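Since the structure comes first, as structure tokens, the remarks are kept for the end.
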Amino acid sequence: MDNLVEIRNLRVAFDGVPVLHGIDLDVAPGEALGLVGESGCGKSVTWLAALGLLPGKATVSGSVRLQGQDLATAPRRTLERVRGGRIAMIFQDPSSALNPVIRVGQQIIEALRLHRGLTGAAARAEALRLMDLVGIPDARNRFSLYTHEFSGGQAQRLMIAMALAGEPDLLIADEPTTALDATIQAQILDLLVTLRREMSMATVFISHDLAAVAQVCERVCVMYAGKIIEEGHVGQLFETPRHPYTRGLFDAIPTLSGPLRRLVPIPGTVPDPRELPPGCAFAPRCNRARAFCSQHRPELLPQPEGRQLACAFPVPITQDIVHRQEEYQ
Amino acid sequence: MIRFVTSRLFRAGLTVLSVMTFAFVVLRMSGDPAQVLLGPDVPQNVVQDFRDRWGLDDPIWQQYLSYLRAMLHGDFGLSMRDRSPAIDLVMQRIPATLQLTIPALILQLAFGIPAGIYAALKRGTLADRGVIVTAIVGFTVPSFVLGLLLVLIFAVTLGILPSGGASSWQHAILPVLTMSIGGIGVLARFSRSAMIEVMGQPYIRTASAKGVSWGDVVRNHALPNAAVPIVTIVGFMVGSLIAGAIIVETIFSWPGMGRLLIVSVTNRDLAVVQCILLLVAAVMVVSNLTVDLLYGWLDPRLRQTAPAH
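Line order of the protein sequences matches chains D and F. For the first sequence, the working numbering begins at 1 and goes up steadily by one. For the second sequence, the working numbering begins at 330 and goes up steadily by one.
What follows is the structure in structure tokens.
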């Protein structure tokens with residue numbers, strides 16, 4: 001099957017400081033892909049760059065193909081048709097992502113007009129249908145309200161309704177639940193899963209919440225310091241993380257079931273993009289790193305069990321797990 | 330909404346009353362109108378006669394109460410110079426002042442806001458720097474320096490515009506320029522920062538991400554949000570225009586209210602000064618009230634007095 005989006009060697013620098021070091025990423029039609037990593041690792045930047053939404057001080061290179069069409073070199077008009085029309089995006093803090101002085105219904109109608117040419121009563125009817133679809137109760141009466149009259153969860157639903165207005169092939173959800181209460185988070189995740197299934201729309205789910213990723217995604221890419229360091233099926237990666245960083249992410253989460261164990265934090269912090277170590281960017285924080293790691297930057301390479309990995313000395317997998325791993329392929 | 334308006338109106342009334350009281354007390358404490366108006370060589374009995382006639386020897390609270398009482402009947406007092414009603418003297422001067430302040434305000438809005446928005450959208454470029462530098466020069470040069478500079482250039486050196494007086498529309502050009510340039514600078518700088526602030530908001534990125542064209546993002550999504558802080562500063566500028574008029578009318582011998590104020594303060598012509606200050610306070614209060622009401626119209630979040638949720 002042809003990929004919907006193919007990103008090749010995407011690089012981004014802010015004021016000459018590289019923050020994204022050559023990202024290769026494919027999204028298949030209808031697929032749910034998770035992008036995990038600590039804040040500042042380049043998860044959001046990847047997609048903002050792909051859609052040309054980064055500020056002027058950012059320099060972007062590489063190619064982003066949407067079913068063969070290169071977005072990196074596309075004229076502004078084309079990019080505007082793609083944004084919201086083919087690839088829609090929702091953001092972290094829904095209450096500030098909606099315009100405070102425009103009625104929410106009008107904001108949805110604007111997307112309908114841009115991408116589906118709907119105006120007047122037809123646009124209003126469709127906007128109401130979308131508000132209904134994403135679970136805004138009493139949509140008819142709340143159509144003319146403003147953003148501040150909605151809770152965070154409701155605002156995120158409105159954002160999703162607006163994103164759906166253009167009937168996109170791909171929805172980028174950039175930390176869509178981070179700013180919400182836990183119970184609301186679960187509702188929004190459910191909504192995203194349902195919508196994706198019903199509308200056969202691919203989803204890229206950007207998050208640092210591994211549990212949320214597991215709930216929504218089939219495939220996961222783990223990013224660190226502007227690179228993808230491990231990629232694979234969600235079950236595979238979650239059961240046997242092989243990159244020490246991925247492993248570290250899991251060791252740092254408390255579990256409710258199983259024996260009580262001490263949480264193991266990853267020591268140190270994400271390196272400053274201006275002072276990246278010459279070798280593996282994770283080496284200074286890695287408990288498996290050897291002298292080799294601080295000199296050689298590992299490439300992201302396909303592994304026999306189906307995942308891709310960028311590590312010279314990965315966490316080994318035991319034999320019984322290998323058998324289970326083969327089921328994923 | 331009604332509660333909002335009545336509370337604002339009540340505060341506005343209180344503000345005007347405070348200004349009136351303050352002006353009344355300070356004017357009477359700071360000099361003797363009889364001595365100033367009549368001069369030092371006038372015999373004592375004439376001075377005493379003048380004082381009795383204007384009630385200047387009464388206790389100050391008594392004078393104040395009778396002033397308020399007269400005010401309630403629409404009587405703003407008489408000028409001590411020629412016994413003509415103070416309000417008439419002031420009213421005669423208002424059109425001349427408006428001839429300067431209204432064009433100055435229009436120039437400020439027409440140049441200041443677009444320049445600021447343009448600079449914000451071209452942030453970091455040479456054009457942006459140019460606007461900032463010009464704006465800073467514009468509002469740091471005091472109006473009396475600027476006025477004299479303009480006179481030097483256009484009246485003295487080039488000889489194309491009159492340096493003072495009010496006999497033709499050409500006479501208004503230099504005073505209007507002097508009054509508006511500072512405000513253009515302030516407004517440009519303020520609009521720029523308001524616009525930069527708004528352009529960095531998440532909802533602007535949302536609008537771009539949903540496919541709105543750049544021009545429509547600026548027009549439909551950014552400008553309505555930047556309008557709130559810009560309107561605030563315009564409200565203040567209306568007030569400072571009147572203050573500016575006092576200086577500029579004096580420099581250019583323009584027969585407006587500002588010059589009348591200077592002359593009346595020098596002469597301790599109490600009723601006239603009070604009348605002008607009352608008017609200035611009223612203008613300030615009305616412009617602030619207008620700004621408050623505009624807020625609610627521009628920003629739905631400010632419509633309720635009670636917080637939402």
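Every residue, glycine too, gets a C-beta built ideally from N, C-alpha and C. Bear in mind the structure is a predicted one, so any value in this text is a computation, not a measurement.
query = So G268 of chain D and R285 of chain D are in contact, right, with Cβ under 8 Å, and what is the actual spacing, rounded?
reply = To locate residue 268 of chain D, count along the first sequence from 1; it is residue 268. To locate residue 285 of chain D, count along the first sequence from 1; it is residue 285. At roughly 4 Å, the Cβ-Cβ gap stays under 8 Å, so G268 of chain D and R285 of chain D are in contact.
request  = Please state whether DSSP places D598 of chain F in a helix, a strand or coil.
outcome  = Here residue 598 of chain F is taken as the residue at index 269 of the second sequence, counted from 1. In this structure, D598 of chain F counts as coil in the three-state DSSP scheme.
request  = For the alpha helix (DSSP H) containing A121 of chain D, list its first residue and its last residue.
outcome  = Numbered from 1 along the first sequence, position 121 holds the residue referred to as residue 121 of chain D. Its alpha helix (DSSP H) spans residues G120 to L133.
inquiry  = Considering only their Cβ atoms, is the gap separating V541 of chain F from H550 of chain F smaller than 8 Å?
reply    = For the purposes of this step, residue 550 of chain F is identified with residue 221 of the second sequence, where counting begins at 1. For the purposes of this step, residue 541 of chain F is identified with residue 212 of the second sequence, where counting begins at 1. Cβ atoms of H550 of chain F and V541 of chain F: closer than 8 Å.
task = Using 10 angstroms around the beta-carbon of K57 of chain D, count the other beta-carbons present and answer buried if the total reaches 16, otherwise exposed.
result = Numbered from its first residue, the first sequence carries residue 57 of chain D at position 57. By the Cβ neighbour-count rule, K57 of chain D is exposed, with fewer than 16 other Cβ atoms within 10 Å of its own.
query = What residues from the stretch 529–548 of chain F come within 9 Å of chain D, judged by C-beta to C-beta, listed N to C?
reply = G529, Q530, P531, Y532, I533, R534, T535, A536, S537, A538, K539, G540, V541, S542, W543 and D545
ask   = List, in order along the chain, the chain F residues whose C-beta lies closer than 9 Å to that of N99 of chain D?
value = By 1-based counting over the first sequence, the position of residue 99 of chain D is 99. In chain order, Q530, Y532, I533, T535, A536, N549, H550, P553 and N554 make up the part of chain F whose C-beta sits under 9 Å from the C-beta of N99 of chain D.
task = Would you list, in sequence order, the uninterrupted alpha helix (DSSP H) runs of no fewer than 4 residues that lie entirely inside the stretch 207–233 of chain D?
result = 210–216
query = Using the beta-carbon of each residue, which ones in chain D are nearer than 8 Å to L627 of chain F?
reply = Taking the second sequence and counting its residues from 1, one reaches residue 627 of chain F at position 298. Residues of chain D passing the Cβ test: V101.
query = When the cut-off is 8 Å and only beta carbons count, does T634 of chain F lie next to chain D?
reply = Mapped onto the second sequence, residue 634 of chain F falls at position 305. In this predicted model, T634 of chain F has a pLDDT of only 49, less than 50, meaning its place in the structure is not dependable; the value taken from the coordinates is given anyway. With 8 Å as the cut-off, T634 of chain F does not count as an interface residue toward chain D.
request  = Let me know the secondary structure DSSP gives S500 of chain F once reduced to three states.
outcome  = Position 171 of the second sequence holds residue 500 of chain F. The question names Ser, but residue 500 of chain F is His in the sequence shown. Three-state result, H500 of chain F: helix.
key: Nearest neighbour of V419 of chain F, chosen from F:L479, F:L590 and F:G342 [CA to CA]   = Working through the second sequence from its first residue, we reach residue 419 of chain F at position 90. Of the candidates F:L479, F:L590 and F:G342, the one whose C-alpha sits nearest the C-alpha of V419 of chain F is F:L590.
message = Is there a Cβ of chain D sitting closer than 8 Å to that of R458 of chain F, yes or no?
response = As a working mapping, residue 458 of chain F is identified with position 129 in the second sequence. With a threshold of 8 Å between beta carbons, R458 of chain F makes no contact with chain D.
key: Option nearest G376 of chain D by Cα separation, candidates D:T255, D:P259, D:A312 and D:L133   = Any property of residue 376 of chain D remains undetermined from this structure, which presents chain D solely from 1 to 329.
query = So, using beta-carbon positions, are V216 of chain D and L192 of chain D closer together than 8 Å?
reply = Residue mapping note: residue 216 of chain D aligns to position 216 of the first sequence, counting from 1. Residue mapping note: residue 192 of chain D aligns to position 192 of the first sequence, counting from 1. Cβ atoms of V216 of chain D and L192 of chain D: closer than 8 Å.
ask   = When the cut-off is 8 Å and only beta carbons count, does R640 of chain F lie next to chain D?
value = Outside the displayed span of chain F (330 to 638) sits residue 640 of chain F, for which this structure offers no information.
Contact belief for H343 of chain D with E6 of chain D at Cβ below 8 Å, rounded distance in angstroms = Only positions 1 to 329 of chain D appear in this structure, which leaves residue 343 of chain D out of reach.
message = Can you give me the C-alpha to C-alpha distance between C41 of chain D and L260 of chain D, rounded to a whole angstrom?
response = For the purposes of this step, residue 41 of chain D is taken as the residue at position 41 of the first sequence. For the purposes of this step, residue 260 of chain D is taken as the residue at position 260 of the first sequence. Going by the C-alpha atoms only, they are around 31 Å apart.
task = Indicate the three-state DSSP secondary structure (helix, strand or coil) for N617 of chain F in the structure shown.
result = What you label residue 617 of chain F is simply residue 288 of the second sequence in a count that begins at 1. Helix.
key: Length of the line joining the Cα atoms of D272 of chain D and A225 of chain D   = The residue you call residue 272 of chain D lines up with position 272 of the first sequence. The residue you call residue 225 of chain D lines up with position 225 of the first sequence. The alpha-carbon atoms of D272 of chain D and A225 of chain D are separated by roughly 9 Å.
ask   = Under the three-state reduction of DSSP, which class applies to I559 of chain F: helix, strand or coil?
value = On the second sequence, residue 559 of chain F is found 230 positions in, with the first residue counted as 1. I559 of chain F falls in the helix class under three-state DSSP.
message = Whole angstroms are fine: how far does the CA of N596 of chain F sit from the CA of G384 of chain F?
response = Reading the second sequence from its first residue, position 55 is the one you call residue 384 of chain F. Reading the second sequence from its first residue, position 267 is the one you call residue 596 of chain F. Their Cα atoms are separated by approximately 17 Å.
inquiry  = So for N3 of chain D, helix, strand or coil by DSSP?
reply    = Within the first sequence, residue 3 of chain D is the residue found at index 3, counting from 1. In the structure shown, N3 of chain D adopts coil according to DSSP, grouped into three states.
request  = Helix, strand or coil for I317 of chain D, going by three-state DSSP, please let me know.
outcome  = Looking up residue 317 of chain D in the first sequence gives position 317. DSSP places I317 of chain D in coil when its eight states are reduced to three.
task = Report the residues of the stretch 42–69 of chain D with a CB closer than 9 Å to any CB of chain F, ordered along the chain.
result = L48, L51, G52, L53, P55, G56 and K57
query = Which residues of chain F have a Cβ atom closer than 7 Å to the Cβ of S96 of chain D, listed in chain order?
reply = Reading the first sequence from its first residue, position 96 is the one you call residue 96 of chain D. Going along chain F in sequence order, the residues near S96 of chain D (Cβ under 7 Å) are Q530, P531 and Y532.
request  = Indicate whether at least one CB of chain D lies closer than 8 Å to the CB of M330 of chain F.
outcome  = The residue you call residue 330 of chain F lines up with position 1 of the second sequence. No - not a single Cβ of chain D is within 8 Å of the one on M330 of chain F.
query = Less than 8 Å separating the beta-carbons of G511 of chain F and F468 of chain F?
reply = As a first step, residue 511 of chain F is located in the second sequence; it is residue number 182 there, counting from the start. As a first step, residue 468 of chain F is located in the second sequence; it is residue number 139 there, counting from the start. In this structure, F468 of chain F lies closer than 8 Å to G511 of chain F by Cβ.
key: Contacting residues, own chain, Cβ-Cβ under 7 Å from S200 of chain D (five flanking each side not counted)   = Along the first sequence, one-based indexing puts residue 200 of chain D at 200. Result list for S200 of chain D: G30, in chain order.
key: Per-residue contacts from G338 of chain D into chain F (C-beta, under 9 Å)   = A question about residue 338 of chain D goes unanswered here, because the residues of chain D that appear run from 1 up to 329.
message = I'd like to know whether the C-beta of R83 of chain D is nearer than 8 Å to at least one C-beta of chain F.
response = Start at 1 with the first residue of the first sequence, and residue 83 of chain D comes out as number 83. R83 of chain D counts as touching chain F.
key: Span separating the alpha-carbon of S294 of chain D from that of Y245 of chain D   = Taking the first residue of the first sequence as 1, we reach residue 294 of chain D at position 294. Taking the first residue of the first sequence as 1, we reach residue 245 of chain D at position 245. Each residue's alpha carbon lies about 15 Å from the other.
inquiry  = Can you check whether the C-beta of L71 of chain D is within less than 8 Å of a C-beta belonging to chain F?
reply    = Within the first sequence, the letter at position 71 stands for residue 71 of chain D. Not one chain F Cβ lies under 8 Å of L71 of chain D.
ask   = Which of helix, strand or coil does DSSP assign to I188 of chain D?
value = Numbered from its first residue, the first sequence carries residue 188 of chain D at position 188. If DSSP states are grouped into helix, strand and coil, I188 of chain D belongs with the helices.
request  = Can you say whether Q377 of chain F is buried or exposed, counting buried as having 16 or more other CB atoms within 10 angstroms of its CB?
outcome  = As a first step, residue 377 of chain F is located in the second sequence; it is residue number 48 there, counting from the start. The residue in question, Q377 of chain F, is exposed, as its Cβ has fewer than 16 Cβ neighbours within 10 Å.
key: Neighbouring residues, chain F, relative to M89 of chain D (Cβ below 9 Å)   = Residue 89 of chain D sits at position 89 when you count from the first residue of the first sequence. What M89 of chain D touches in chain F: R534, T535, A538 and K539.
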